Amino acid sequence: MDLRFMLAALCALTLAACQTLGRPPAGAASPATTSVQGEYDNHEQVWSARENTAMIAPPHVLVAIEGTPREDWTIWHVRLDASTPIEAAWALRRTTAADGSIVWLPHRPTIAEPGRGKDFDVAQWIALDACALRGRAGAHGLQLAADVNACAVIAPGVGASAALLPLAVERDGEWLRVRLYVDQARGAEAREDLRLVRRFQGWAALNGGGPTAAADSNDWHTDRKVGLGNEGGRYALAYRDGRPSGYSLALERLTYRDGNVPVLKLSVVDDASGRTLAYAWTNPEATRIGINLGWVQVGLESAAIGPASP
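If you read the sequence shown in my numbering, its first letter stands for residue 2, the second for the next number, and so on.
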């Protein structure tokens, strides 16, 4: 997606300030009591759109939500991949209104590098009251939305990062569905469907002879610190001296249109051509996955359990 197009669309939307925000459709029922902290990625949504030329492809968006020493505050780091990627950070304060509804109030930073972790300081953030997200938690998760017209009034003063202001948020299990300010240019229902990233770690053994390595070759280059996420994560394989091997691992959750089968897929990729040389797949809930092609062998395990070992 071209950044100039998005910013032009953002300006037009700010001036018009006339669109209304549709209610996000609910997903599978689940309680909204768990923490929203974590890393979220809409890799599968972007992958699926490549086969549907009738729709405007969504941008690739990553949202990393980190906690602070203040339980009612979180920091959202939003990145949108475009010809020139754009990033923004928002501090969201969670409160409860008099009527019992939930309010997430976004704040923008007042300095270039606000403190994080133990150095978090609310004085380094200024509230964007007009863009407050309001809603409730129920059987279908947490659903919040901002007053689009009110938010549009202050958006010009926020600057280019306003493109990444959340106008609606739905948290449902592992899903974080977000409608950003810039999404208005793609239609009334446009949003990013992001899923919580699970980290995998383990090992990879690569033969120096590559795919044509002799069966009796002992030129193995073993990496016991492989780590990547399951939502489109990539890991470049290297030789023991640090030189790039020209091959990478890719780990992704996908749902194939034929049969509507969701899988966790581990691929070996040729970096030069981008071609997948081979892959293995298992169910999305699996905590272990591996592949053995003779010349390259990989074993991964969910980081929540511990690293796999050869």
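Backbone N, C-alpha and C define an ideal beta-carbon position, used for all residues, glycine too.
Computed from a predicted model, the values in this text were never measured in an experiment.
First through last residue of the alpha helix (DSSP H) which encompasses A46: Checking the sequence, you will find Gln at residue 46 rather than Ala. For Q46, the enclosing alpha helix (DSSP H) stretches over residues H44 to A50.
Going by DSSP, which residues form a beta bridge with V61? According to the sequence displayed, residue 61 carries His and not Val. In the DSSP assignment, the residues bridged to H61 are D82.
Any contact of the region 36-48 with the region 181-197, i.e. 3+ C-beta pairs under 8 Å? Segments in contact, yes.
Reference T288, options A251, R199, L143 and G243, closest by Cα: Cα-wise, what sits closest to T288 is R199.
Beta-carbon gap between D73 and R95 smaller than 7 Å: Yes, they are a contact pair.
Indicate whether L187 and I66 have their beta-carbon atoms separated by less than 7 Å. The sequence given here has Arg at residue 187, not Leu. Not a contact, by the Cβ cut-off of 7 Å.
Exposure label - D259; buried when at least 16 CB within 10 Å: That one is exposed.
Neighbour-count burial assignment, D184, 16 or more Cβ in a 10 Å radius: With 16 or more other Cβ atoms within 10 Å, it is buried.
In the DSSP output, what is K266 paired with across the bridge? K266 is bridged to E253 and W282.
Should A33 be labelled buried (16 or more other beta-carbon atoms within 10 Å of its own) or exposed? Low confidence applies here, because A33 scores a pLDDT of 36, under 50, leaving its location unreliable; read the following figure in that light. Result: buried.
Cβ contact (3+ pairs, closer than 8 Å) linking the region 205-217 and the region 104-117: Judged by Cβ distances under 8 Å, the region 205-217 makes no contact with the region 104-117, as fewer than three pairs qualify.
When you compare the CB positions of N208 and W296, do they come within less than 7 Å of one another, or not? Yes; because the gap between Cβ atoms is below 7 Å, this pair is in contact.
Return the residue from the list P60, L93, H61 and E302 that minimises the CA-CA distance to T75. Residue L93 is the option with its Cα nearest to T75.
Delimiting residues of the beta strand (DSSP E) encompassing V104: Bounds of the beta strand (DSSP E) holding V104 are I103 to P110.
DSSP bridge partner residues for R200 (one or two, in chain order): Secondary-structure assignment with DSSP links R200 through a beta bridge to G230.
Beta carbon of L134, beta carbon of V170: below 7 Å? In this structure, V170 lies closer than 7 Å to L134 by Cβ.
Under 6 Å from any heavy atom of the ligand ATP, does the C-beta of P285 make it? The ligand ATP is absent from the structure shown, which contains no ligand whatsoever.
Nearest-angstrom Cα separation, counted from G203 out to C132: Distance from the CA atom of C132 to the CA atom of G203, rounded to whole angstroms, is 43 Å.
Taking only the alpha-carbon atoms, compute the straight-line gap between S249 and T223 and give it to the nearest angstrom. Distance between the alpha carbons of S249 and T223 is about 14 Å.
Could you tell me the alpha carbon to alpha carbon distance between L267 and G275, rounded to whole angstroms? Between L267 and G275, the alpha-carbon positions lie close to 15 Å from each other.
With DSSP as the reference, identify every bridge partner of Y182, one or two as the case may be. Paired residues: none, contrary to the question.
Less than 8 Å between C-beta atoms, sequence neighbours within five positions excluded: which residues of the same chain meet that for A304? Same-chain partners within the cutoff: R199, R200, F201, Q202 and G228.
When the Cα of A252 is compared with those of G300, P107, D217 and V159, which residue comes out closest? Position check: residue 252 holds Leu in this sequence, whereas Ala was assumed. Answer by Cα proximity: G300.
Distance between beta carbons of D271 and V247, contact taken as under 8 Å: At residue 247 the sequence reads Gly, which differs from the Val that was named. With 8 Å as the limit, G247 and D271 qualify as a contact, their Cβ atoms being about 7 Å apart.
Going by DSSP, which residues form a beta bridge with A205? D224 and V299.
Taking the alpha-carbon positions, what's the S102 to A279 distance? The alpha-carbon atoms of S102 and A279 are separated by roughly 50 Å.
Leaving out five residues on either side along the sequence, give the residues of the same chain with a beta carbon under 6 Å from the beta carbon of L177. Within the same chain, L177 has close Cβ partners Y41 and L195.
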